[in-house]
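Participant: Using my numbering, read the sequence shown as starting at 1081 and increasing by one per residue.
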Amino acid sequence: MEGNHQKELANKCTGCNCPGHIPVDRRGLLKRFVWVLSTPLTALMVWPLIQTIVSTIFRLPKAVYTKVGPVKSFTSGQPGLSNFEFVEDVAYLHSTKLFDAWVIKHSDTKFTVFSPICTHLGCRFDWYPQAKKFICPCHGSVFSIDGKVLGGPAPRPLDTLPWKIENGDLYVKWERFRVGIPSKIRVG
Ligand code: FES
């Protein structure tokens, strides 16, 4: 009985002098109080940093329109591989890369632009003017001039890229898509 009473006192007392009292460790209490207060504050301060790191790692790079050339310089009805410089901003890194795309001019205001990457497994295909077809050398996928799959293992048509005309120049937005699947999903 006496033992139980002492345990009860030890649990409840906060500073009295009753017999059997075991003083509460005030420093320990203070530490716990500071910990309880500081944990949510620390989390609040660190959360924006975590968000920035995660979004930098997983965010797609922002695609921008890049000048490819004057509208007048493209031959109508004939696919042509055009080079252009793509300015890429990933996190705080600013870099310029060279890319190309298949450009087909229908008129001075209408174009089709294809990514040069085969939708099967990512090889580069070519235009065969005699056959009037795009053919991929890797596994033999064949595409029509409007990008439709005519044969081979390609799971979807050629990937089109966004384009616009500004002050008489053609601009293309460089984007990359996942290969080997029927849906066109942007990955870069
Ligand atoms: S990568 Fe083009 S057909 Fe396989």
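Every residue gets a Cβ at the ideal spot worked out from N, C-alpha and C, and that includes glycine.
Is Gly1232 near the ligand FES, with its Cβ less than 6 Å from a heavy atom?
Facilitator: Answer for Gly1232: yes, Cβ within range of the ligand FES.
Participant: How would you call Ile1239, buried or exposed, if buried means at least 16 neighbouring beta carbons within 10 angstroms?
Facilitator: A quick correction: the sequence has Asp, not Ile, at residue 1239. Flag for Asp1239 reads buried.
Participant: Would you give the residue range spanned by the beta strand (DSSP E) that Asp1249 belongs to?
Facilitator: Its beta strand (DSSP E) spans residues 1249–1253.
Participant: Less than 7 Å between the C-beta atoms of Ser1224 and Ala1234, yes or no?
Facilitator: For Ser1224 and Ala1234, no; Cβs fall outside 7 Å.
Participant: Check whether the Cβ of Ser1221 sits closer than 6 Å to any heavy atom of the ligand FES, and report yes or no.
Facilitator: Yes, Cβ of Ser1221 sits closer than 6 Å to a heavy atom of the ligand FES.
Participant: According to the neighbour-count rule (16 or more other Cβ atoms, all chains shown, within 10 Å of its Cβ), is Val1252 buried or exposed?
Facilitator: Under this definition Val1252 is a buried residue.
Participant: Sort out for me which residues DSSP pairs Ala1143 with in a bridge.
Facilitator: The partner list for Ala1143 (beta bridge, DSSP) is empty, contrary to what the question assumes.
Participant: Mind checking whether the beta-carbon of His1174 lies closer than 6 Å to any heavy atom of the ligand FES?
Facilitator: Flag unset: Cβ of His1174 not near the ligand FES.
Participant: With hydrogens ignored, establish whether the beta-carbon of Leu1238 is closer than 6 Å to any heavy atom of the ligand ADP.
Facilitator: This structure does not include the ligand ADP; its bound ligands are the ligand FES.
Participant: Taking the straight line between their C-alpha atoms, what separation do you get for Ser1156 and Gly1231?
Facilitator: Straight-line Cα distance between these residues: approximately 26 Å.
Participant: Buried or exposed for Ala1181, going by 16 or more other Cβ atoms inside 10 Å?
Facilitator: Answer is buried; the Cβ neighbour count reaches 16.
Participant: Quick one: does the C-beta of His1200 sit closer than 6 Å to a heavy atom of the ligand FES?
Facilitator: Yes, the ligand FES has a heavy atom inside 6 Å of this Cβ.
Participant: State the Cα-Cα distance for the pair Pro1196 and Ser1175, rounded to the nearest angstrom.
Facilitator: About 21 Å.
Participant: Tell me which same chain residues have a C-beta within less than 6 Å of the C-beta of Cys1218, skipping the five on either side of it?
Facilitator: Here the set comprises Cys1203.
Participant: Give a yes or no on whether the C-beta atoms belonging to Phe1194 and Gly1227 are separated by under 7 Å.
Facilitator: Yes, the Cβ-Cβ distance between Phe1194 and Gly1227 is below 7 Å.
Participant: For a test of the three-state rule: what should DSSP assign to Thr1155, helix, strand or coil?
Facilitator: Coil at Thr1155, not helix or strand.
Participant: Taking the alpha-carbon positions, what's the Ser1118 to Pro1262 distance?
Facilitator: Approximately 51 Å, taken between the alpha carbons.
Participant: Using a 10 Å radius around the Cβ and a threshold of 16 neighbouring Cβ atoms, would you call Val1148 buried or exposed?
Facilitator: Under this definition Val1148 is a buried residue.
Participant: Would you list the residues sitting across from Val1193 in a DSSP beta bridge?
Facilitator: DSSP lists Val1183 as partners of Val1193.
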